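In this note's numbering, the protein residues as written are 2 to 400. All C-beta atoms, glycine included, are put in the ideal place defined by N, C-alpha and C. Owing to the predicted nature of the structure, the values given are computational and were not obtained by experimental measurement.
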Ligand code: ADP
Ligand code: MG
């Protein structure tokens, strides 16, 4: 997937020109509508500075949440504008529409050292269906297109893929370039053993991609609610644990193909599901979850075993927390894996974390800087690692 990047553009291709940049500002908002985490905003600063230093005028498109083609005021990108202005140190103008004449006019009068942010692309019905008419209207917003929305590059949407048909040059932004560089280190494994850790709750989305990892990895550790689904597939009693019933046939197939690479937890931390109260938590053998309780973390024996495998790895890819890490008392498994991943890195291993919640977990453990790379895209990183390509990258100009 060699594609032209922002760094390849000649100064004249940027100077004075409107640079339409698809970013991923799908940020979490707190109850009062403020931006709760700035990671994704900060991740785009190198691209924005690169463009502005060369006289380009950034026009930003992003989605936020899943408004499904209707205007949902709670998913407006408006609260992002002041935060971006603060991070970037230049004024950010917000226009509350996306594909309108108003937006095009605003794109034509942004000044030097000013940024234009438009409204949520997913307020428009044609975004997720990759409607060519909408893509063509997006193309009127810039003279150059830059995809820096790594977290959205696995989506064939109008502002990611369709727009590239109508706007040239179309190039990769610096964040996308950095992500691809880091992740390609996991496609061509140079240091073994290659250990993959799967956890989290989005089982249906992820289990289909697991096959590619089972082929390439030396060991696949499974924790979190993903493990509950595998344990259920193995016939274990899982009580009230989060299990994705639809995914059980696939889990069964992986188990019966007898893959010796798969490692499931041997013990679990269980508690009352509603209370999720650490005081009432206890440890049981995997497969012996009482009918009224739920498994909310991997147990101490599994933590030790997982950590040992991770410490001895040459390459690590981790997606999905080992338990309900947001709740005190159910984060020990996730922390144990985070610490082991940091230790592996310190010993010369190459370690990558993908997934929004996994990235939050490694931050919560204070270890973001102690691993090789924390990806800003969960689904995108998984899909790239499994397939070796992404629709939003394929659509860009060849290098
Ligand atoms: P990521 O965002 O890293 O890809 P997911 O979105 O798939 O990860 O899953 C993260 C969520 O999974 C977290 O909110 C976490 O609390 C939840 N989770 C992990 N293990 C369990 C479990 N055993 N029971 C319920 N929820 C769990
Ligand atoms: Mg998540």
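- In the structure shown, the three-state DSSP call for residue 294 is coil.
- For the 9 angstroms CB-CB criterion, residue 135 and residue 163 form a contact.
- If you compare the alpha carbons of 232, 210, 306 and 324 with that of residue 387, the shortest gap goes to 210.
- Counting only runs of 3 or more residues that sit fully inside the region 192–260, the beta strand (DSSP E) segments are 195–199 and 220–223, in chain order.
- Remark: fewer than three beta-carbon pairs, one from each stretch, lie closer than 8 angstroms, so the region 290–305 and the region 346–361 are not flagged as touching.
- Short of 7 angstroms from the beta carbon of residue 167, and not among the five residues preceding or following it, lie these beta carbons of its own chain, in chain order: 136, 137 and 140.
- When DSSP reads this structure, residue 318 sits in a beta bridge with 197 and 353.
- Counting the other CB atoms within 10 Å of its CB gives residue 208 a total of 16 or more, which places it among the buried residues.
- The residues 127, 128, 131, 132, 135, 136 and 139, in chain order, have a CB closer than 7 angstroms to that of residue 159 in the same chain once the five nearest residues on each side in sequence are set aside.
- For residue 108, the number of other beta carbons within 10 angstroms of its own is at least 16, and it is reported as buried.
- For the pair residue 24 and residue 48, the CB atoms are nearer than the 9 angstroms cut-off.
- Distance from the CA of residue 74 to the CA of residue 253, rounded to the nearest whole angstrom, comes to 43 angstroms.
- Annotation: residue 342 to residue 105 spans about 47 angstroms, alpha carbon to alpha carbon.
- In this structure, ligand 1 has a non-hydrogen atom nearer than 8 angstroms to the beta-carbon of residue 201.
- In terms of CA proximity to residue 13, 170 leads the group 84, 123, 338 and 170.
- When the alpha-carbon of residue 93 is set against those of 318, 116 and 99, the nearest one is in 116.
- 42 is the residue among 42, 374 and 58 whose C-alpha sits nearest the C-alpha of residue 89.
- With distances taken between CA atoms, residue 248 lies nearest to 235 out of 235, 241 and 240.
- The straight-line gap separating the alpha-carbon atoms of residue 369 and residue 102 is approximately 42 angstroms.
- In this model, residue 321 and residue 31 are separated by some 22 angstroms (Cα to Cα).
- Residues 125, 135, 138 and 139 of the same chain have their beta carbon placed closer than 7 angstroms to that of residue 100, with the five preceding and five following residues left out of the count.
- Taking C-beta separations shorter than 7 angstroms and ignoring five residues to either side along the sequence, the partners of residue 229 in its chain run 239, 242, 243, 244 and 296, following chain order.
- Pairing residue 182 with residue 7 gives a Cβ-Cβ distance that is not under 9 angstroms.
- The closest heavy atom of ligand 1 lies 8 angstroms or more from the beta carbon of residue 399.
- Inter-residue distance for residue 267 and residue 391 is about 36 angstroms (C-alpha atoms, whole angstroms).
- Exclusion of the five residues before and after residue 98 leaves 104, 119 and 120 as the residues of its chain whose Cβ lies within less than 8 angstroms of its Cβ.
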